[in-house]
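Peer 1: Okay, handing you the structure first.
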Amino acid sequence: MGLAPFWRGNDCGVDEHPPSRLRTSWRRPAHLGRATHGPLVVIERNPISGDAVIVAPGRAARPNEFRQMSDRCPFCPGNESDTPPEIWRDGDPWQIRVFPNKYPATEDHEVIVEGSDHARGFDQIAADVAARAVNAWIDRYRAMSRSSRYVCVFKNHGVLAGATILHPHSQILGVPFIPSRIAKEAEAFTSRCALCELRDEKIDATQNYRWIAPRGSMMAYEQWIVPVHHTNEMREGLELASLLQRAARAMLAISDSFNWMFINFPQQPAAHWYVQLFPRLTMHAGFELGTGSAINTVDPRTAAQRFGGSRP
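If you're matching positions, the sequence shown starts at 310 in the working numbering and goes up one per residue.
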């Protein structure tokens, strides 16, 4: 297969004018593993905004357990041959397993299976397994960052959140550009730290993390988990896993679907990373899609009060 150069953009890392087409047919380092299924992924540019758009037709072929009700789960122990060869595992027998996504959105696209038990979601798995999952996210984030301009760690739980496999899992996806949202948010850290100055509605806090319901949030019952100490480096820790489990339980009391994503700023060393979380209650409709603005039907103070009652 012919190799196209891996596009890196300007030195500052913010893609103000990305090329109109990027092809991810570059050869990945062997230690990263690689996605080998599906047609070539192409990244186009919106002709007005210049925002990058990933065109990945192979994603349409994904099986959907919610619709097909298959008896065979590709993520369960004993079915390892149903997935691409694994990149990383933790435990013997395994508790955490990582492999390339069989239906990738980009060539840097991996699945992290969170526990061997099909029926136990992230909110129910043992605390040490949740901590191992966090460590796997961070380990794979660091590895993928060697070849991708931006790496997103995210979790889709439930139909409304975009999940197609029931077995608890998360994903990590690398792209050869800085997403427009990330480039815009990075500007908040040029002269000060917007997150360090936040005094928004607190749900709870640990020694190293704050769990808050931010004012001006885009989604109903949106929460952020923010490191107490200013840092742009994602760190391992049982604390973060514990807060994520509690947040998952709180969201599942409202909806059977939720998302979370790790927001980081590789192009801005002075930035402050955080986790964004929200249950899926409504779909964005014409106004939201047409303007990029949001209508939030839940006051963040109400969200903080409700989730604050979810303490063990």
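Cβ coordinates follow ideal geometry from the N, Cα and C atoms, glycine included.
Predicted model only: the values in this text are computed from it and were never measured.
Does the distance from the CB of Ala529 to the CB of Leu590 come in under 7 Å?
Peer 2: Contact flag set, yes.
Peer 1: Output needed for Pro575: all residues of its chain with C-beta closer than 6 Å, excluding positions within five of it in sequence on either side, in chain order.
Peer 2: Around Pro575: no qualifying Cβ.
Peer 1: Please name the residue, chosen from Tyr450, Arg406, Ser358, that lies closest to Met543 on a Cα-to-Cα basis.
Peer 2: Comparing Cα-Cα distances from Met543 to each of Tyr450, Arg406, Ser358, the minimum goes to Tyr450.
Peer 1: Tell me where the beta strand (DSSP E) around Trp446 begins and ends.
Peer 2: Segment 436-453 is the alpha helix (DSSP H) holding Trp446; no beta strand (DSSP E) there.
Peer 1: Taking the alpha-carbon of Glu510 as reference, which of Ala369, Asn388, Ala613, Thr392 has the nearest alpha-carbon?
Peer 2: Nearest of Ala369, Asn388, Ala613, Thr392 to Glu510, Cα basis: Ala613.
Peer 1: Under the rule that 16 or more other beta-carbon atoms within 10 Å means buried, what is Cys461, buried or exposed?
Peer 2: Per the 10 Å Cβ criterion, buried.
Peer 1: Please go through the same chain and pick out, in chain order, the residues whose beta-carbon is closer than 8 Å to the beta-carbon of Gln480, but skip the five residues on each side of it.
Peer 2: Hits under 8 Å: Asn410, His418, Glu419, Val420, Ile421, Val462, Phe463, Lys464, Asn465.
Peer 1: Going by DSSP, what residue range makes up the beta strand (DSSP E) through Lys411?
Peer 2: Taken as a continuous stretch (DSSP letters only), Lys411 belongs to no beta strand (DSSP E), as it is neither H nor E.
Peer 1: Beta-carbon separation of Tyr412 and Arg455 under 7 Å?
Peer 2: Result no, Cβ atoms of Tyr412 and Arg455 do not sit closer than 7 Å.
Peer 1: Where does Arg490 fall in DSSP's three states?
Peer 2: Arg490 falls in the helix class under three-state DSSP.
Peer 1: Going by beta carbon distance, what residues of the same chain come within less than 7 Å of Asn605, once the five residues before and after it are set aside?
Peer 2: Within the same chain, Asn605 has close Cβ partners Ser526, Met527, Met528, Ala529.
Peer 1: For a minimum of 3 consecutive residues, which ranges assigned as the beta strand (DSSP E) are wholly contained in the segment 560-603?
Peer 2: Whole beta strand (DSSP E) segments, 3+ residues: 567-572, 583-588.
Peer 1: Assign Asn573 to one of two classes, buried (16 or more other C-beta atoms within 10 Å of its C-beta) or exposed (fewer than that).
Peer 2: The residue is buried, with at least 16 neighbouring Cβ atoms inside 10 Å.
Peer 1: Tell me which same chain residues have a C-beta within less than 7 Å of the C-beta of Leu504, skipping the five on either side of it?
Peer 2: These residues qualify, in order along the chain: Val535, His581, Tyr583.
Peer 1: For the alpha helix (DSSP H) holding Phe463, just list the boundary residues, first then last.
Peer 2: That residue, Phe463, is in no alpha helix (DSSP H); its beta strand (DSSP E) goes 459-466.
Peer 1: Round the Cβ separation of Asp432 and Leu561 to the nearest angstrom and send it over; I've been treating them as touching at under 8 Å.
Peer 2: Their Cβ separation, rounded to whole angstroms, is 6 Å, which keeps Asp432 and Leu561 in contact under 8 Å.
Peer 1: Where Pro338 and Arg524 are concerned, what is the direct C-alpha to C-alpha distance, given to the nearest angstrom?
Peer 2: Here Pro338 scores only 38 on pLDDT, less than 50, and its place in the model should not be relied on; the value that follows carries that caveat. Rounded to whole angstroms, Pro338 to Arg524 spans 42 Å at the Cα level.
Peer 1: Around the Cβ of Ala344, are there at least 16 other Cβ atoms within 10 angstroms (buried) or fewer (exposed)?
Peer 2: Per-residue confidence for Ala344 stands at a pLDDT of 49, beneath the threshold of 50, marking its modelled position as unreliable; the derived number appears in the next sentence. Flag for Ala344 reads buried.
Peer 1: Contact between the segment 494-503 and the segment 556-570: three or more CB pairs below 8 Å?
Peer 2: Because the criterion of three Cβ pairs below 8 Å is not met, the segment 494-503 and the segment 556-570 do not touch.
Peer 1: With a Cβ-Cβ cutoff of 7 Å, do Arg508 and Val537 count as a contact?
Peer 2: Contact flag unset, no.
Peer 1: Considering Ala613, what are the terminal residues of the beta strand (DSSP E) in which it resides?
Peer 2: Ala613 -> not in any beta strand (DSSP E); alpha helix (DSSP H) instead, spanning 609-617.
Peer 1: Would Pro394 and Ala522 be called neighbours here (beta carbons separated by less than 7 Å)?
Peer 2: Cβ distance not < 7 Å, so Pro394 and Ala522 don't count as in contact.
Peer 1: Here's the rule I'm using: 16 or more other beta-carbon atoms within 10 Å means buried, otherwise exposed. How should Arg458 be labelled?
Peer 2: Buried is the call here.
Peer 1: Counting only the same chain and skipping the five closest in sequence on each side, list residues whose C-beta sits under 8 Å from that of Gly467.
Peer 2: Hits under 8 Å: Ser564, Asp565, Ser566, Phe567, Arg589.
Peer 1: Quick one: residues in its chain with C-beta nearer than 6 Å to the C-beta of Ile434, no 5 flanking neighbours on either side, listed in chain order?
Peer 2: Closer than 6 Å at the Cβ level, and outside the excluded window around Ile434, lie Gly424.
Peer 1: In whole angstroms, give me the CA-to-CA distance for Thr600 and Gln516.
Peer 2: In a straight line, the C-alpha of Thr600 is about 39 Å away from that of Gln516.
Peer 1: Our contact map puts Pro477 next to Arg429 with C-beta atoms below 8 Å; I'd like the distance itself, whole angstroms only.
Peer 2: Contact holds; Cβ gap of about 7 Å.
Peer 1: Around the Cβ of Glu506, are there at least 16 other Cβ atoms within 10 angstroms (buried) or fewer (exposed)?
Peer 2: Glu506 comes out exposed.
Peer 1: For Val438, collect the residues of the same chain with a Cβ closer than 8 Å to its Cβ; drop the 5 residues on either side in sequence, then sort them by chain order.
Peer 2: These residues qualify, in order along the chain: Gln404, Ile405, Glu423, Gly424.
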